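Undergrad: Going by the numbering used here, the sequence shown opens with residue 1, and the numbers climb by one from there.
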Amino acid sequence: AYSETVCVNGTATTEIYTISSTLPLPGALPISGGTVSGTPTVGGTFSFDVTATDANGCTGVMAYSIVVSVPVTFTLTYTAGAGGTIVGTNPQTVASGANGTLVTATPNAGFHFVSWSDGVLTAARTELNVTADVTVTASFAIDTFTLTYTAGPNGSLTGTTLQTVNSGADGTAVTAVAALGYHFVDWS
1 AYSETVCVNG TATTEIYTIS STLPLPGALP ISGGTVSGTP TVGGTFSFDV TATDANGCTG
61 VMAYSIVVSV PVTFTLTYTA GAGGTIVGTN PQTVASGANG TLVTATPNAG FHFVSWSDGV
121 LTAARTELNV TADVTVTASF AIDTFTLTYT AGPNGSLTGT TLQTVNSGAD GTAVTAVAAL
181 GYHFVDWS
């Protein structure tokens, strides 16, 4: 925030102040009762004139310049791909050289975290010493399970005996066939 008071010596009574500038001042810095104040949002050098008018109509003009330094900030944006969510502040605005806060790619039930689009392999991450915008997407994959069927002695199986099945899905039918003179008892 910026605040500066201007005053005029030797005037008849209370002054009325006006401000004029060829360009808008940053953060719309208004003058009120002799004080220029506001929160600049744009950096640079800004020149302006302050005119003081007293009760007799006498005026005085003074030129001013202010130099505004606005900290450079970067945006950290995290997106979850299908099968998960992002836990933590998102997006984040971080000053140059500062650190972000922890975010975690959290898989939905039946999924697992794979990686971030920038190659980071840990689900939890904190950007350190930020010097550029970061935009990344977390990838998730559905959990899979291997179903293996083996026939015991005196029997055989029909169907696919080695199956990879997605979480929540069904495998395909496998039938136990007893050898002649035997009968099927149970699965282990």
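We treat Cβ as the ideally placed atom computed from N, Cα and C, and that holds for glycine.
Predicted, not measured: the structure shown is a model, and the values here were computed from it.
(1) Short of 7 Å in beta carbon distance, which residues of its chain neighbour Ala124, apart from the five on each side in sequence? Order them along the chain.
(2) Closer than 8 Å is the cut-off here; do at least three beta carbon pairs connect the stretch 118-133 with the stretch 69-77?
(3) Could you have a look at Ser96 and say whether DSSP puts it in helix, strand or coil?
(4) Leaving out five residues on either side along the sequence, give the residues of the same chain with a beta carbon under 6 Å from the beta carbon of Thr164.
(5) Do you know whose CA, among Gly110, Ala52, Thr175 and Asp170, lies nearest Gly155's CA?
(6) Between Ser188 and Thr148, what straight-line distance do the alpha-carbon atoms span, to the nearest angstrom?
(7) Can you give the beta carbon distance from Gly152 to Phe111, rounded, assuming they're within the 8 Å contact cut?
(8) Below 8 Å CB to CB, which residues in the same chain sit around Ala12 once its five sequence neighbours on both sides are set aside?
(9) Output needed for Asn166: all residues of its chain with C-beta closer than 7 Å, excluding positions within five of it in sequence on either side, in chain order.
(10) When we look at the beta-carbon of Gly43 and count the other beta-carbons within 10 Å, is it buried (16 or more) or exposed?
TA: On the basis of the supplied data:
(1) In the sequence shown, the residue the question calls residue 124 occupies position 124. Closer than 7 Å at the Cβ level, and outside the excluded window around Ala124, lie Leu102 and Thr104.
(2) Taking a cut-off of 8 Å for Cβ pairs, the stretch 118-133 and the stretch 69-77 touch, as three or more such pairs fall below it.
(3) Within the sequence shown, numbered from 1, the residue matching residue 96 stands at position 96. Under the three-state reduction of DSSP, Ser96 is assigned to coil, being neither helix nor strand.
(4) Locating residue 164 in the sequence shown gives position 164, where the first residue counts as 1. Excluding sequence neighbours, Thr164 sits near Thr144 and Thr146.
(5) Numbered from 1 along the sequence shown, position 155 holds the residue referred to as residue 155. Nearest of Gly110, Ala52, Thr175 and Asp170 to Gly155, Cα basis: Thr175.
(6) Taking the first residue of the sequence shown as 1, we reach residue 188 at position 188. Taking the first residue of the sequence shown as 1, we reach residue 148 at position 148. Whole-angstrom Cα-Cα distance: 11 Å.
(7) One-based indexing of the sequence shown puts residue 152 at position 152. One-based indexing of the sequence shown puts residue 111 at position 111. Going by Cβ atoms, the distance from Gly152 to Phe111 rounds to 35 Å, so no, they are not a contact pair.
(8) Position 12 of the sequence shown, counted from the start, is the residue given in the question as residue 12. Confidence at Ala12 is low in this model, with a pLDDT of 47, below 50, so its placement is unreliable and the value that follows should be read with caution. Here the set comprises Asp54, Ala55, Asn56 and Cys58.
(9) Residue mapping note: residue 166 aligns to position 166 of the sequence shown, counting from 1. Within the same chain, Asn166 has close Cβ partners Ile142 and Thr144.
(10) As a working note, residue 43 is residue 43 in the sequence shown. It counts as exposed.
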